[in-house]
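>
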Amino acid sequence: MNLFDATVPVFTKLLTNINQWLDKATAYAETRKFDVEILGNARLAPNQYTLIRQIQAACDQAKYTVAKLTGQEPPSHADTEITLADARQRIHTLVAYLATFKREHFAGAEDRPCGHVWMGGRMMRGGDYLDHFALPNFHFHMTTAYAILRHNGVELTKTDYIVDLPFQP
24 MNLFDATVPV
34 FTKLLTNINQ
44 WLDKATAYAE
54 TRKFDVEILG
64 NARLAPNQYT
74 LIRQIQAACD
84 QAKYTVAKLT
94 GQEPPSHADT
104 EITLADARQR
114 IHTLVAYLAT
124 FKREHFAGAE
134 DRPCGHVWMG
144 GRMMRGGDYL
154 DHFALPNFHF
164 HMTTAYAILR
174 HNGVELTKTD
184 YIVDLPFQP
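Just so we're aligned: 159 in this note's numbering is position 136 of the sequence shown, and the numbers increase by one with no gaps anywhere.
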């Protein structure tokens, strides 16, 4: 499998799903007559990221993953999002960036050395980086964002997370 298939369409679909979660969060807040931005600053524990920061982290993981696997420099984002509308714009910007990648950009990605500064200069093969770090970390931030909304009463289901499975005809 070309690593394009495990990254760009997956990241695009799941990040886009967040918009549906935020739609439900907005409706929930309106029904209960509170400012939906309270949810943007919600977190599961005092030492964990807020919902907005979880969304930023998921976006960052997606952009760094495709950039590292294709040998490109990722765009810089200042993490200045304050509102849920800002977070939606961040998702929109990231999905547009992901749309610039084609399958051929991932030629040789399985063996391309990938790492982070915090890894102390140690590198992994691209396939291992994707399987053992990038995808689990992306899903960690996505799942935590989902859990923050659920914990605060937003009526999401597993289907909201995995929406639109690619069934064969």
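Every residue gets a Cβ at the ideal spot worked out from N, C-alpha and C, and that includes glycine.
Quick caveat: nothing in here was measured; it's all calculated off a predicted structure.
Would you tell me roughly how many angstroms separate the C-alpha atoms of residue 116 and residue 79, rounded to the nearest one?
Stepping through the sequence shown from its first residue, residue 116 is reached at position 93. Stepping through the sequence shown from its first residue, residue 79 is reached at position 56. Going by the C-alpha atoms only, they are around 11 Å apart.
> Measuring only between beta-carbons, confirm whether residue 49 sits less than 8 Å from chain D.
Absent from the structure: chain D. Only one protein chain is present.
> Tell me which residue opens and which closes the alpha helix (DSSP H) that residue 191 is part of.
Counting from one through the sequence shown, the residue named residue 191 turns up at place 168. Note, residue 191: premise wrong, no alpha helix (DSSP H); not H, not E.
> Which runs of the alpha helix (DSSP H) fall wholly inside the region 140–185 and span at least 4 residues, in chain order?
Counting only runs of 4 or more, we get 149–152, 158–174, 181–185.
> What residue does the alpha helix (DSSP H) around residue 32 start on, and which one ends it?
Translated into the one-based positions of the sequence shown, residue 32 becomes position 9. Residues 26–55.
> If contact is defined by three or more beta carbon pairs under 8 Å, each pair taking one atom from either stretch, is the region 95–113 in contact with the region 136–154?
No: the two stretches stay apart, fewer than three of their Cβ pairs being nearer than 8 Å.
> Return the Cβ separation of residue 44 and residue 183 in integer angstroms, given the expectation that the two are a contact with Cβ distance under 8 Å.
What you label residue 44 is simply residue 21 of the sequence shown in a count that begins at 1. What you label residue 183 is simply residue 160 of the sequence shown in a count that begins at 1. At roughly 6 Å, the Cβ-Cβ gap stays under 8 Å, so residue 44 and residue 183 are in contact.
> If you scan the region 79–145 from start to end, which runs of the alpha helix (DSSP H) of 4 or more residues do you find wholly inside it?
Runs found: 107–121.
> Report the CB separation of residue 164 from residue 81 in whole angstroms; it is logged as a contact under 8 Å.
Along the sequence shown, read from residue 1 onward, the residue named residue 164 stands at position 141. Along the sequence shown, read from residue 1 onward, the residue named residue 81 stands at position 58. Sure, about 4 Å apart at Cβ, within 8 Å.
> For residue 126, tell me which candidate among 97, 135, 89, 148 has the shortest Cα-Cα distance.
In the sequence shown, residue 126 corresponds to position 103, counting from 1. Measuring from the Cα of residue 126, the nearest candidate turns out to be 89.
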